[in-house]
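Enquirer: Residue numbers (this note's numbering): 3 to 165.
#1: Note down, in chain order, each residue of its chain lying with its Cβ closer than 8 Å to the Cβ of residue 96, except the 5 sequence neighbours on either side.
#2: Which residues in the same chain have their Cβ closer than 6 Å to the Cβ of residue 45, if we skip the five residues on either side of it in sequence?
#3: Give every residue of the same chain whose Cβ lies closer than 7 Å to the Cβ of residue 125, excluding the five residues on either side of it in the sequence, and list them in chain order.
#4: DSSP on residue 153, reduced to helix/strand/coil?
#5: Taking the Cβ atom as the reference point for each residue, do residue 129 and residue 69 lie within a distance shorter than 8 Å?
#6: Starting from the N-terminal side, write out each stretch of the alpha helix (DSSP H) that is 4 residues or longer and does not extend beyond the region 36-83.
#7: Hey, residue 67 and residue 107 are a contact pair by Cβ (cut 8 Å); roughly how many whole angstroms apart?
#8: Could you tell me which residues DSSP pairs with residue 114 in its beta bridges?
#9: Helix, strand or coil for residue 142 per DSSP?
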């Protein structure tokens, strides 16, 4: 009897371990991954936390989770409408450099290219309320859930204002 109980308990523990490994982040996340294509990299929880920490070190944040644009001294920000974002592709902003997609929620960080994000923007923004496209060597784009988009550029000479 005790052997059957141990066997059952072992099977339960194995099942729990398997379910931990198959974490689902929901349909919108899966659709976003599909829309971004095969080159997208999904980071582990540990790596995602490291990248989030890097972003919060590079830019000051408010207590409610936005970049505090009023307290950025070494960055330049431009407030632009969402319909101006595709114009960035044609400017000198490096759309081929790897960027990180970071959501305000508890999703893993993704790595892709800005061009891919712009092509699948609706799918990327549907995953969670606030989204950041972060290129550590150059810029961050904050997509705020109320529709405001803020672009912070590390080196202003890399960018010409659209329009």
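For glycine and all other residues, C-beta sits at the position ideal for the given N, C-alpha and C.
Expert: So, from the data block:
#1: 116, 137, 140, 160
#2: 110, 111
#3: 33, 34, 37
#4: strand
#5: no
#6: 47-60
#7: About 10 Å; that fails the 8 Å criterion.
#8: 101
#9: strand
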